[in-house]
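First residue of the sequence shown: 1, per the UniProt record's numbering; consecutive thereafter. Quick reminder that beta carbons are idealized off the backbone N, C-alpha and C, glycines included. If you're wondering where the values come from, they're calculated on a predicted model, not measured in any experiment. Here the structure is laid out as structure tokens; the discussion comes afterwards.
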Amino acid sequence: MPRNVFVIGPDAFNQARLEALSVPGDIRFHPLLAYQNVRGDAYPLEELIDRAERQLRDFPGSVDALVGFWDFPVSDMVPILCRRLGLRGPSLEAVVKSEDKYWSRLEQRKVVADCVPRFCRFDPFAADPRAQVDLEYPFWIKPVKAWRSQLGFRVRDDAELRVALEVVRERIGRFAEPFNRLLGMLELPEGIPPEEGRYCVAEEIIGGRQCTLEGFALDGAVEVYGIVDSVRYANETTFARYQYPSDLPADIQARMIERSRALVTFLGLDNTTFNIEFYYDEKRDRTWLLEINPRISQSHSDLFDKVDGYSNLRVLVDVALGGHPRRTPGGGPFRYAAKHFLRHFEDARVAAVPGEEDIHTLQEEVPGTLVEIHVRPGMRLSELPDQDSYSYELGYLFVGAEDPRQLLERIRRCEELLPFELEPVG
Numbered sequence: 001m002p003r004n005v006f007v008i009g010p011d012a013f014n015q016a017r018l019e020a021l022s023v024p025g026d027i028r029f030h031p032l033l034a035y036q037n038v039r040g041d042a043y044p045l046e047e048l049i050d051r052a053e054r055q056l057r058d059f060p061g062s063v064d065a066l067v068g069f070w071d072f073p074v075s076d077m078v079p080i081l082c083r084r085l086g087l088r089g090p091s092l093e094a095v096v097k098s099e100d101k102y103w104s105r106l107e108q109r110k111v112v113a114d115c116v117p118r119f120c121r122f123d124p125f126a127a128d129p130r131a132q133v134d135l136e137y138p139f140w141i142k143p144v145k146a147w148r149s150q151l152g153f154r155v156r157d158d159a160e161l162r163v164a165l166e167v168v169r170e171r172i173g174r175f176a177e178p179f180n181r182l183l184g185m186l187e188l189p190e191g192i193p194p195e196e197g198r199y200c201v202a203e204e205i206i207g208g209r210q211c212t213l214e215g216f217a218l219d220g221a222v223e224v225y226g227i228v229d230s231v232r233y234a235n236e237t238t239f240a241r242y243q244y245p246s247d248l249p250a251d252i253q254a255r256m257i258e259r260s261r262a263l264v265t266f267l268g269l270d271n272t273t274f275n276i277e278f279y280y281d282e283k284r285d286r287t288w289l290l291e292i293n294p295r296i297s298q299s300h301s302d303l304f305d306k307v308d309g310y311s312n313l314r315v316l317v318d319v320a321l322g323g324h325p326r327r328t329p330g331g332g333p334f335r336y337a338a339k340h341f342l343r344h345f346e347d348a349r350v351a352a353v354p355g356e357e358d359i360h361t362l363q364e365e366v367p368g369t370l371v372e373i374h375v376r377p378g379m380r381l382s383e384l385p386d387q388d389s390y391s392y393e394l395g396y397l398f399v400g401a402e403d404p405r406q407l408l409e410r411i412r413r414c415e416e417l418l419p420f421e422l423e424p425v426g
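This is the structure:
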């Protein structure tokens, strides 16, 4: 009999990659809610959960696993629905403790304190938010719950803080209101208020070589299987590309793996995938923990597939079905791979984008390359949803190569072959 795996809110790109997975047995993937339902402007959390549960209970066959690879609300819907239907999955408390940037820092400080920067929580709606921040400039501010780098600002003085807080106050409700309703489903510890979602965290500036560890916890055992480097532009805030495998020294990788295992175990994350972001400050030989996410990074899926022949989507499915991933590092067609961000740093109107013929020509010249285009003619870049605070994503390139130098050469050639036309706006 087939095993049925439900996927919350998949986009077309990742749904296709799931369907293409080489998984033993007859496994069938079913979308659970549409992508637009879980990546929209508003998140009616209870309605989404109820709709998903009805779809699962009305399904005529067996429901064998439930997975998701997006951040809130998908990452939180997974444990709620798994518990209701008796499926393997993490606990809601462990997931929320990981995702709430303030609560997570409190937990991190208990077990990996040497990796945790100074931080504090503050109310962006207070009469004088600066008075609640016991850090000197510069520092980062970000909501306790947001998606990717949204509403994250590096502020150097009172003027920049005022400007950033105006934006935060205008937009924080999109996540704060549904996240507070989610918190209402938990017994919260002292110090975590039920309106936690409306607060922000201020953190001292940390930096260095950034990377992300991907792993899983299965029946109490924690394993890290890959480290991906995050390469930034010169502004130090915006990603240029993710590159795999990492070229960090082996002893530094081992240090990060040890800290990751300790943290995942302490948080009680189990029967789930995770990714943990770190910095390595070479000057001070200091490892900093940026954040933990109780899910895969779907941005890395093609990288693992190209290099190892075993994507993290496959790991996600293995764990959800209770099987131990059987990966063979280096089993893919390339030695190195990258996800490169096609970015523009000012608002503009899109006049033209690469067409199918352009992409076909690129793939003929640079075999194995995948292209995602996020813009269309006539739109303004400022209309794009879910961007960071400093740039706009035109699309992505997924490129494989035999060495880092060839990888960069292929990325540059791909950019030359993609004819975007952007017009300045007043």
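| Query | Result |
| --- | --- |
| Touching by the beta-carbon criterion (3+ pairs, under 8 Å), the stretch 201 to 214 and the stretch 114 to 129 | yes |
| Spatially closest choice to LEU183 from PHE216, ASN293, ALA94, by CA coordinates | ALA94 |
| Given 8 Å, three or more beta-carbon pairs between the stretch 382 to 397 and the stretch 312 to 332 | no |
| The stretch 211 to 228 contacting the stretch 319 to 336, beta-carbon criterion three pairs below 8 Å | yes |
| Distance, ALA65 Cα to PRO10 Cα | 15 Å |
| Validate contact between the stretch 134 to 145 and the stretch 153 to 167 using beta carbons, cut 8 Å, 3 pairs | yes |
| LEU213 versus GLU223 - alpha carbon distance | 10 Å |
| Supposed contact pair GLN243 and TYR336 - C-beta distance, whole angstroms, cut 8 Å | 7 Å |
| Cβ neighbour criterion (16 or more within 10 Å) applied to MET256 | buried |
| Those residues which DSSP pairs with LYS142 across a bridge | VAL201 |
| Residue nearest to ASN271 in terms of C-alpha spacing, selected from LEU418, LEU48, PRO129, CYS82 | CYS82 |
| Contact the stretch 413 to 423 vs the stretch 343 to 357: 3+ CB pairs below 8 Å | yes |
| Helix, strand or coil at GLU107 according to DSSP, with G and I counted as helix | helix |
| Cβ-based neighbour list, TYR280, same chain, cut-off 7 Å, excluding 5 preceding and 5 following | GLY208, ARG209, LEU248, ILE252, THR287 |
| Distance, GLN108 Cα to PHE278 Cα | 13 Å |
| For LYS283, the three-state DSSP class (helix, strand or coil) | coil |
| Pairwise C-alpha distance: ASN275 and LEU342 | 23 Å |
| Among ARG162, TYR137, GLY197, nearest to ASN180 - alpha-carbon criterion | GLY197 |
| For ALA16, the three-state DSSP class (helix, strand or coil) | helix |
| PHE13 and GLU372 closer than 8 Å at C-beta | yes |
| Distance, LEU397 Cα to PHE334 Cα | 15 Å |
| Where PRO330 falls, given that 16 or more other Cβ within 10 Å makes a residue buried | Residue identity differs from the one stated: residue 330 is Gly in this sequence, not Pro. Exposed is the call here. |
| Sheet register partners of CYS120 (DSSP bridge) | ALA202 |
| Buried or exposed (CB count within 10 angstroms, at least 16 for buried), SER246 | buried |
| Nearest neighbour of LEU263, chosen from ARG169, GLY395, LYS110 [CA to CA] | LYS110 |
| Closest by C-alpha distance to PRO404, when choosing among VAL74, ARG174, ARG241, LEU106 | ARG241 |
| Exposure label - GLN298; buried when at least 16 CB within 10 Å | buried |
| Nearest candidate by alpha-carbon position, reference HIS344, set GLU393, ASP26, ILE296, GLU364 | GLU393 |
| Neighbourhood of CYS200 by C-beta distance below 6 Å, restricted to the same chain and skipping five residues each side | PHE122, PRO124, ILE141, PRO143 |
| Endpoints, the alpha helix (DSSP H) within which GLU160 is located | 158 to 171 |
| Under the three-state DSSP convention, the category GLU190 falls into | coil |
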